[in-house]
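Q: Just so we're aligned: the sequence shown equals residues 0 to 115 in numbering that gives the first Met the number 0.
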Amino acid sequence: MAQQKTYTMIKPDGVRNGHIGEIVNRFERAGLKIERMELGMVTDEQAKANYAEHEGKPFYDGLISYITSGPVVKMVVSGDGAVAKCRSLMGATNPAEAAPGTIRGDFGLIMDENVI
């Protein structure tokens with residue numbers, strides 16, 4: 000597999016519920032390297048740019064409010080097949096559909112607060 004880099008973010012509920020360490024450990028145990036990690040807030044402008052494809056949808060305003068509601072952990076992750084590995088580790092977007100053993104399957108609460 001090719002070396003890849005990808006961006007991922009532990010969302011406010013993952014930070015608030017104390018899952019940072021376990022999530023980072025899962026990436027590292029999968030052979031991925033955390034190249035950069037930063038705890039910080041997402042600004043309104045950043046949130047709107049990141050989720051622009053959802054503008055106008057019924058959940059958009061709630062999504063922007065949620066992602067800006069507390070600190071997040073922004074990470075650049077690298078390794079062989081990093082994109083596919085990250086997606087596999089995270090699980091389905093909807094925690095109710097995410098397999099046990101995935102980050103969302105283990106820590107996700109609801110669709111609107113899906114940890115990562």
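Glycine included, each C-beta is placed from N, C-alpha and C at the ideal position.
#1: Report the rounded CA-to-CA distance for N49 versus G20, giving the unit in angstroms.
#2: Which residue wins for smallest C-alpha separation from A81, given the options R28, K47 and T67?
#3: Suppose the cutoff is 6 Å on Cβ atoms and the five residues either side in sequence are ignored; what does the same chain contact list for R35 look like?
#4: Would I9 and I109 qualify as a contact pair, given that the criterion is a beta-carbon distance under 8 Å?
#5: Which residues in the same chain as A40 place their Cβ atom closer than 8 Å to its Cβ, once the five residues preceding and following it in sequence are excluded?
#6: State the start and end residues of the unbroken alpha helix (DSSP H) segment that holds S64.
A: Based on what the coordinates show:
#1: Residue mapping note: residue 49 aligns to position 50 of the sequence shown, counting from 1. Residue mapping note: residue 20 aligns to position 21 of the sequence shown, counting from 1. Cα to Cα, N49 sits roughly 25 Å from G20.
#2: One-based indexing of the sequence shown puts residue 81 at position 82. When each option's Cα is compared against that of A81, the closest is R28.
#3: Walking along the sequence shown from the start, residue 35 turns up at place 36. Only V75 meet the Cβ criterion.
#4: What you label residue 9 is simply residue 10 of the sequence shown in a count that begins at 1. What you label residue 109 is simply residue 110 of the sequence shown in a count that begins at 1. No, the pair does not count as a contact, with Cβ atoms beyond the cut-off.
#5: For the purposes of this step, residue 40 is taken as residue 41 along the sequence shown, with counting starting at 1. A small fix is needed here, since residue 40 is Met in this sequence, not Ala. Closer than 8 Å at Cβ, skipping near neighbours: T67, G69, P70 and V71.
#6: Locating residue 64 in the sequence shown gives position 65, counting from the first residue. It spans Y59 to I66 - the alpha helix (DSSP H) in which S64 sits, taken as one unbroken run.
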